[in-house]
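Below is one structure, written out as structure tokens; the observations come after it.
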Amino acid sequence: MVRKNHIVNVGDENIIGVELLIDVPIQIVQFFAITSSEKGCGDAIVESVVNAVPDDWKLVVAMDWSGGFWEVMTKRYPKVMLF
0 MVRKNHIVNV
10 GDENIIGVEL
20 LIDVPIQIVQ
30 FFAITSSEKG
40 CGDAIVESVV
50 NAVPDDWKLV
60 VAMDWSGGFW
70 EVMTKRYPKV
80 MLF
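Take a look at the structure:
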């Protein structure tokens, strides 16, 4: 088993990024880490991923420490599932 650790610290300044775990055989893209020190960039990242992933693939968020961000995103982008 490979243990995956985040590559950024939540709250870091001057950083925008997303880390996706992509499982091709079962067609799942997991949002593993997302961070942005600029307001609105998180939404733009999610929108870009949603638009890039084929309709028959699943988009998931397995762990949510966002304090509400993912609840808003799942309402805005119903294709994203929060577990």
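Going by numbering that gives the first Met the number 0, the sequence shown opens with residue 0, and the numbers climb by one from there. Ideal Cβ placement from N, Cα and C applies to all residues, glycine included.
Pick helix, strand or coil for residue i, following the three-state DSSP scheme.
i     : result
Val52 : coil
Ala32 : strand
Ile44 : helix
Glu70 : helix
I'd like to know whether the C-beta atoms of residue i and residue j end up nearer to each other than 8 Å.
i     : j     : result
Ile14 : Ser47 : no
Trp64 : Leu81 : no
Val52 : Tyr76 : no
Once you ignore the five residues that flank residue i on each side, which residues in its own chain have a CB closer than 6 Å to its CB?
i     : result
Met72 : Val45, Val79
Cys40 : Ile15
Measuring alpha carbon to alpha carbon, tell me which residue in the options is nearest residue i.
i     : options                    : result
Gln26 : Tyr76, Gly67, Asp54, Met62 : Asp54
Gln29 : Gly67, Val59, Pro77, Phe82 : Val59
Ala61 : Ala51, Leu20, Lys38        : Leu20
Asp11 : Pro24, Lys57, Thr34        : Thr34
Go through its chain and collect everything with a Cβ distance to residue i's Cβ below 8 Å, but skip five positions before and after it.
i     : result
Trp56 : Gln26, Ile27, Val28
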